[in-house]
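As structure tokens, the structure follows; a few thoughts come after it.
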Amino acid sequence: MAVVAPAAEEGCPVLSVENVDVRFGGIQALKSVSLNVHMGEICGLIGPNGAGKTTLFNCITRLSTVATGTIRLNGQPIETLPPRQVIRSGIARTFQNLGIYVGMTVLENVMLGAHHISGGCFIDALVRPRHSWQREQEIERRCRDILADLGLEDVADVAAGSLPYATQKRMEIARALASRPTLLLLDEPAGGLTHGEVTEFGALVSRVREAYGVTVVLIEHHMGLVMSLCDRVEVFHLGRNLASGRPEEVRTNPAVINAYLGRSR
Numbered sequence: 001m002a003v004v005a006p007a008a009e010e011g012c013p014v015l016s017v018e019n020v021d022v023r024f025g026g027i028q029a030l031k032s033v034s035l036n037v038h039m040g041e042i043c044g045l046i047g048p049n050g051a052g053k054t055t056l057f058n059c060i061t062r063l064s065t066v067a068t069g070t071i072r073l074n075g076q077p078i079e080t081l082p083p084r085q086v087i088r089s090g091i092a093r094t095f096q097n098l099g100i101y102v103g104m105t106v107l108e109n110v111m112l113g114a115h116h117i118s119g120g121c122f123i124d125a126l127v128r129p130r131h132s133w134q135r136e137q138e139i140e141r142r143c144r145d146i147l148a149d150l151g152l153e154d155v156a157d158v159a160a161g162s163l164p165y166a167t168q169k170r171m172e173i174a175r176a177l178a179s180r181p182t183l184l185l186l187d188e189p190a191g192g193l194t195h196g197e198v199t200e201f202g203a204l205v206s207r208v209r210e211a212y213g214v215t216v217v218l219i220e221h222h223m224g225l226v227m228s229l230c231d232r233v234e235v236f237h238l239g240r241n242l243a244s245g246r247p248e249e250v251r252t253n254p255a256v257i258n259a260y261l262g263r264s265r
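In the UniProt record's numbering, the protein residues as written are 1 to 265.
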């Protein structure tokens with residue numbers, strides 16, 4: 001049985017990170033990091049390489065362990081949940097390096113996202129084959145609808161490995177949406193894209209936010225995309241919070257300029 005994502009408590013953030021520390025041996029990767037992301041926001045995480053941005057995503061999705069602190073989704077602690085339970089609670093993620101199955105079709109790749117929350121298993125298929133078949137048909141219909149929404153219906157039955165890189169990126173978004181997330185984490189989604197493709201990708205993320213009602217947090221080094229797309233920006237430096245605010249506020253913050261350029265303006 002699929003686990004229903006926790007309902008948001010009135011007024012609480014969709015994502016709340018409170019005083020999170022992460023250590024890898026003697027290295028402290030995150031130091032008392034805190035942030036709140038509210039429903040419907042597109043929040044950008046920026047900072048130099050090694051600032052701790054991807055480490056935070058890994059903590060949220062339980063690929064890394066929190067030493068101290070709390071991470072909440074819709075008010076419910078998730079920092080000790082198993083990774084699969086985190087997905088079922090309503091979090092989906094893309095990675096810097098595309099995690100696609102090149103020999104499978106686009107549709108099959110996207111359906112994998114739905115299977116994370118479907119609750120089906122091999123035994124169920126043996127015991128209740130008709131029920132399993134009906135569930136698969138419903139998953140396929142829903143995934144084809146997602147592909148249509150993202151302009152991928154014409155390549156649904158094409159091998160994923162044969163697609164252009166930008167199209168594979170869109171497919172990853174489709175697969176994430178197939179798990180019915182309330183929170184979508186995008187790790188450097190503009191990496192490897194041309195200027196025109198970055199513009200199209202920003203428009204796609206905005207449409208996804210509106211059409212699917214998701215809250216988005218993205219790690220990104222493409223400042224043009226961050227400044228045009230994000231409602232709010234969080235800046236990390238050396239594993240700590242450095243600044244937070246609207247894009248125009250962060251862009252002119254002396255501490256942010258110093259962290260990126262090594263000097264104040």
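Using N, Cα and C, we set each Cβ at its ideal position, and we do this for glycine too.
Please read all numbers here as calculations on a predicted model, not as lab measurements.
DSSP places ILE173 inside the alpha helix (DSSP H), whose first and last residues are 165-177.
In this model, GLY52 and GLN134 are separated by some 43 Å (Cα to Cα).
With respect to the 9 Å criterion, VAL233 and LEU63 are not classified as neighbours on the basis of their beta carbons. With three or more CB-CB distances shorter than 8 Å, the stretch 141-154 counts as touching the stretch 164-180.
Taking the Cα of ALA255 as reference, the smallest distance to any Cα among VAL235, GLY239, ASN19 and PRO247 is reached at VAL235. Under the Cβ criterion (8 Å, minimum of three pairs), the stretch 208-217 counts as touching the stretch 32-51. Residues of the same chain with a CB within less than 6 Å of the CB of MET111, apart from the 5 flanking positions on each side, are ILE139 and CYS143 in chain order.
Rounded to whole angstroms, the gap between the alpha carbons of GLU136 and THR105 is 16 Å. Counting only residues of its own chain and dropping the five nearest sequence neighbours on each side, ARG72 has a CB closer than 7 Å to the CB of SER16 and ILE78. At the C-beta level, ARG246 and ASP231 come within 9 Å of one another. Straight across, the Cα-Cα distance linking GLU249 with ALA243 is about 9 Å. Boundaries of the alpha helix (DSSP H) around ALA211: 195-212. The residues ALA190 and VAL198, in chain order, have a CB closer than 7 Å to that of HIS222 in the same chain once the five nearest residues on each side in sequence are set aside. Judged by DSSP secondary structure, PHE236 falls within the beta strand (DSSP E) whose first and last residues are 232-237. The three-state reading of DSSP puts THR80 in coil, since its state is none of H, G, I, E or B. Inter-residue distance for GLU220 and VAL226 is about 7 Å (C-alpha atoms, whole angstroms). The bridge partners DSSP lists for VAL20 are VAL33. The beta carbon of ARG93 is closer than 6 Å to those of THR61 and LEU185 in its chain, skipping five residues each way along the sequence. By a beta-carbon distance limit of 8 Å, THR70 contacts GLU18. Their separation comes to about 5 Å.
In this structure, the beta-carbon distance from VAL14 to VAL33 does not fall below 9 Å. Spatial neighbours of ALA67 in its own chain (CB-CB distance under 7 Å, excluding positions within 5 residues in sequence) are listed in chain order as ASP21, VAL22 and ARG23.
For GLN28, the beta-bridge partners assigned by DSSP are ARG23. With fewer than 16 neighbouring CB atoms inside 10 Å of its own CB, ILE27 falls in the exposed class. Contact check for ALA166 against ILE100 fails: the beta carbons are separated by 9 Å or more. For ARG72, DSSP records a beta bridge to SER16 and PRO77. Counting other Cβ atoms within 10 Å of its Cβ, ASN109 reaches 16 or more and is therefore classed as buried. Judged by DSSP in its simplified three-state form, ARG246 adopts coil rather than helix or strand.
Within the model, the alpha-carbon separation for GLY151 versus VAL214 is close to 19 Å.
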